[in-house]
Every structure is written in structure tokens, then in C-alpha cells.
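Please read the structure below before turning to the comments.
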Amino acid sequence: MGTDVSARFHEFQLSIKRKIDCKEHLTLEENVQHILALPPILLLKPARTHADLHEYISLNTFDALAAHILTSNSIAHHKFPAVTKAKLEQIVEEVAVVVSMASSMSNASSGTRSCSRLDASRQITALLKGDTMNSTNKILLTVRNMVETLPRRVFEKGPQKTELITRHFQSSLAPLFEDIDKDVIFRWTSVSDDDKPAMIRPDASINIVRALNHRLVGLDLVRVAHLAKIASDKHKARATFAFIVVGNHATFYLLCRAQYHLYTMSEVEHVQLPLALDEIPIFIAQLNKICNIIASFNYVLNCDSHDYGDHPPTLRDHLLLEAIDQRISRKRKSITSHYNH
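Per our numbering: the sequence shown = residues -11 to 329.
Right, dumping it as C-alpha cells:
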């Protein structure tokens, strides 16, 4: 790429420290990349780089670095089998559509489905091949789980946090990563909103109503990044996998220990998760992205360890609170957030 990213990133870090020394506050809406640079984590998100960083590292270099990290580790450009996808689309379409039984009002109001959930589950099971938990089989199990557990429609203002996790996201995410026979188990950890200001652990998810609160989203992204770094340091993992759910969208990240003083945190994919049966086709349309997400998780599982004996300090909560502006303003533009929540 012709650019010493590590040296340029260090210059960016020094500029941030000078601002903090001059009592200039950072905001969680606009300055997530600045805050993460202190531990030091270089956040790589497509087309979402703060202009301050462009003074040190060009946008083209950012894009090239992000692409290199994903492609060199065989994470990008995966494809779900087209024939299987077409069959899956047909099954889901049949179970999602309600067909009137007759012209009578009573029959029309009750309705009947062209394919029951049980029949759809059986058909999806028949698409499984082999006895390994490869990406195709994991995705088929995920869609089958959605068909069996998601409601036909979203009621009122939508599910609240507990229901989002236990029914909607559990059905969408757990089968993608779990392999119990290999001791890979998907578990949720969470804290209450009252505990969040005093704890580094992020919320498990942010509900749809609060999804446009860019300050809250920024805070959880910082904490997810810190958790990924701490996991890398504690277990000497060269790479760690992390994700954040905002509303009905999930963004997945790969954190890599590039050098002693440099961690890269690359956005792998950003996908919409279904909340109801008729939204499963949206998930199926994103299956190539889902394959990339599974590939990134598998890369982390099979990645070797680093041999660094010491680690740069992670920014603690009290230092984080000192560095950021505590005032809340919904008018602030978020640089790193996705806007289609």
C-alpha cells in the first residue's frame, strides 16, 4: 500500500492526546475512532472514517487495508449455493403466505397456509447434507429455527429487549456459531442500563426505539471493542470476534493483534435480522454476507496465538468518562453508525 499505517496511526494517537491534554472533549457520536485509538485500536469501517484520520491515512489506504485483512484471511467473497438458496426461498415463501380457504367471511378470516411450519421445517431439514457443521448446514439450521420460532407479524411497537434476545436474535444467531460437540456454545451476557455507566461490559442489544441514539450506540461499540481487546490480551489470541446488535441490525467485527502497539478492528458485515416470519426472505437475500460472517468466526476459532508478553493498557471507564463530553445532543452526526436502523 506504500504507507506506514502504524507510524501514521501513532501520529493520530498523539494528536488525540494533545486534544485531551488541552481539555478538549471527545463525543461518542463523532469520535468513536478517536476514543478507540487510545487503547490502541484502529477501527476500519467501509466509508465511515472520520476526516481527522484522513489527515494521516487516506481513505483509499483504509479501504485497501480493510480489504486486505479480510481477503488474506479467507473471510470475504464467500457464496451460498445458488440451487439451495432457490429451494430455501420457495419453502419460506410458501410458509409465509396466508391463502384464503374459501370466499366465505369466516374461512377467509381464519385462513390457511400453503405450507405449515412443521412441513417447512421438514423440507429445510431435507436440504442438509453431510454430518459436518459447515456454513451451508449452519445457515439451513438457522432458517429452520427462524421458521419454527419467529411470530407471523410484529405487534404494536415491536419486541422489547428480553424478547428480542430470547426469541428473535437467539433463533437468528445461535445456530450460526454453535457447535456444541466441539464445545462452542453461544451465550448472551448483559447488564441493566443503570449499571452501564459504571461497567465496561456492553449491553447485549439496543432496542429499536433507542437505535438512533448515536451516543448510546457509540458507547456500546467502544465497550465491545474494549472487550475484544481484553480477550485478545488475556488469552493471547491473535484474533477475536465481536458483534453489536442495534435495533434489528447486527454488525460483526474482527479484531486482530497486528503489532504490539496496534490492533485492527475490521467490520466484516452489516446485516438485517428478521423479527417476523415474512422478514425471513430479507435474511435469505443476505446469505453471502452470512457466509462471510461464519468464515470470520471460524478464522478466529482456528487462529494461532500471539507471543506478546505485554499489552498496551485498555482505557478504563473513569478515564473514558473524563475524555468524553457528557452532554447529550441528538443533532450530532454519527461517523461510524449505520443510518438504516
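Each residue gets a CB set at the ideal place from its N, CA and C atoms; glycine is no exception.
Helix, strand or coil at residue i according to DSSP, with G and I counted as helix
| i | result |
| --- | --- |
| Arg245 | strand |
| Phe229 | strand |
| Val142 | coil |
| Ile194 | Its pLDDT being 43, under 50, Ile194 is placed unreliably by the model, and the measurement read from it follows with that caveat. Strand, per DSSP. |
| Leu14 | strand |
| Ile127 | helix |
| Ser325 | coil |
| Ile218 | helix |
| Ile63 | coil |
| Arg36 | coil |
| His299 | coil |
| Pro147 | coil |
| Asp332 | With the chain covering only -11 through 329, there is no way to say anything about residue 332. |
| Ser284 | helix |
| Ser102 | coil |
Counterpart residues of residue i in DSSP-defined beta bridges
| i | result |
| --- | --- |
| His42 | Its beta-bridge partners do not exist; DSSP assigns none. |
| Thr239 | Ile232, His258 |
| Ser293 | Ala225 |
| Tyr251 | Ile29, Arg245 |
| Ile4 | In DSSP, Ile4 forms no bridge with anything. |
| Ile312 | Leu14 |
From the options, residue whose alpha carbon lies closest to that of residue i
| i | options | result |
| --- | --- | --- |
| Gln158 | Glu310, Leu263, Val259 | Leu263 |
| Leu215 | Leu129, Glu257, Pro28, Leu16 | Pro28 |
| Leu330 | Gly235, Asp221, Glu267, Glu257 | This structure gives no information on residue 330, because the portion of the chain shown stretches from -11 to 329. |
| Leu204 | Ser322, Thr(-9), Leu2, Ala52 | Ser322 |
| Ile45 | Gln21, Leu242, Lys67, Ser60 | Gln21 |
| Ile218 | Arg315, Ser109, His299 | His299 |
| Glu267 | Glu81, Cys10, Ile112 | Glu81 |
| Ala55 | Lys67, Thr72, Lys33 | Lys33 |
| Phe336 | Lys126, Phe174, Val(-7) | Absent from the model: residue 336. The displayed extent of the chain is -11 to 329, so no value can be given. |
Boundaries (first-last residue) of the alpha helix (DSSP H) holding residue i
| i | result |
| --- | --- |
| Pro331 | The chain is shown from -11 up to 329; residue 331 falls before or after that span and cannot be answered. |
| Thr113 | 105 to 114 |
| Asp169 | Asp169 -> no alpha helix (DSSP H), and no H or E assigned at all. |
| Glu81 | 70 to 84 |
| Ile268 | 268 to 272 |
Can at least three beta-carbon pairs, one atom from the stretch 149 to 156 and one from the stretch 265 to 282, be found at a separation below 8 Å? By the C-beta criterion, the stretch 149 to 156 is judged not to be in contact with the stretch 265 to 282, since fewer than 3 inter-stretch pairs fall below 8 Å.
Is there contact here, the stretch 142 to 149 with the stretch 107 to 123, by at least three beta-carbon pairs under 8 Å? Because the criterion of three Cβ pairs below 8 Å is not met, the stretch 142 to 149 and the stretch 107 to 123 do not touch.
Does the pairing of the stretch 74 to 87 with the stretch 28 to 41 give three or more beta-carbon distances under 8 Å? Verdict: no, contact absent.
Taking 8 Å as the cut-off, does the stretch 219 to 238 touch the stretch 288 to 295 (at least 3 CB pairs, one atom from each stretch)? The stretch 288 to 295 is in contact with the stretch 219 to 238.
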